[in-house]
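The block underneath contains the structure these notes are about, expressed in structure tokens.
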Amino acid sequence: MDISHIEHVGIAVPDLKAAIAFYENTLGLKCFAIEEVEDQKVRTAFFKVGQTKIELLEGTSPDSAISKFIEKNGGRGGIQHIAFAIEDGVANALAEVSEKGCALIDKAPRKGAEGLNIAFLHPKSTCGTLIELCEDPAKK
């Protein structure tokens, strides 16, 4: 697996509008995209810091993974996942980590925000951190 960089850090937030205001007004960052990913029941906002992005995530349904994360976290947000950019394909990376005994949430890549091919590794196999693997199909 060829990891080139941290693609983004995913931060769950209970109120996307308030979180965007904090990142823009307090930290001086600029939100460059807001997107809803319907099949994941999430609305996202992206900020760029160097080569890495910050992805703020707000659940759009009480049964979304983000809403459940916030509920488990006492109604507060927090770092929900870290995403790595994969240069040699998410499918190849999934096969490689699966062979090494890693539990997968996604058995095959799927579409995520910004049109990326994504897949998640289960925190039970990753020392407690939800890990997302990302590939930009436009860079192939």
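Converting from the sequence shown to my numbering requires adding 1 to each position, the first position being numbered 1. No residue lacks a Cβ here, since even glycine has one placed at the ideal position from N, Cα and C. Just so it is clear, the structure is predicted and the values come from calculations on it, not from any experiment.
Check, Outcome
"DSSP state of S99, grouped into three classes?", "helix"
"Buried or exposed for C128, going by 16 or more other Cβ atoms inside 10 Å?", "exposed"
"Taking the continuous beta strand (DSSP E) assigned at F85, which residues delimit it?", "G79 to I87"
"In chain order, what residues of the same chain lie with their CB nearer than 8 Å to the CB of F121, ignoring the 5 residues before and after it?", "H82, L105, I106, D107, L131, I132, E133 and L134"
"Under 8 Å: do the stretch 51–59 and the stretch 8–28 share three or more Cβ pairs, one atom per stretch?", "yes"
"For R77, is the classification buried or exposed, using 16 other Cβ atoms within 10 angstroms of its Cβ as the cut-off for buried?", "exposed"
"In whole angstroms, what is the alpha-carbon distance linking I80 and A66?", "13 Å"
"On a Cα-Cα basis, can you pick out the residue from H123, G113 and K140 that is closest to K42?", "G113"
"Specify the secondary structure class of A94 as computed by DSSP and reduced to three states.", "helix"
"What's the gap between the Cα of C32 and the Cα of V98?", "33 Å"
"Assign H9 to buried or exposed, taking buried as 16 or more other Cβ atoms, counted over all protein chains shown, within 10 Å of its Cβ.", "buried"
"In angstroms, rounded to a whole number, what distance separates the CA positions of S68 and S62?", "7 Å"
"Cα-Cα, which of L117, A96, L30 and E100 is closest to P138?", "L117"
"Quick one: using the 10 Å Cβ neighbour count with 16 as the cut-off for buried, is V50 buried or exposed?", "exposed"
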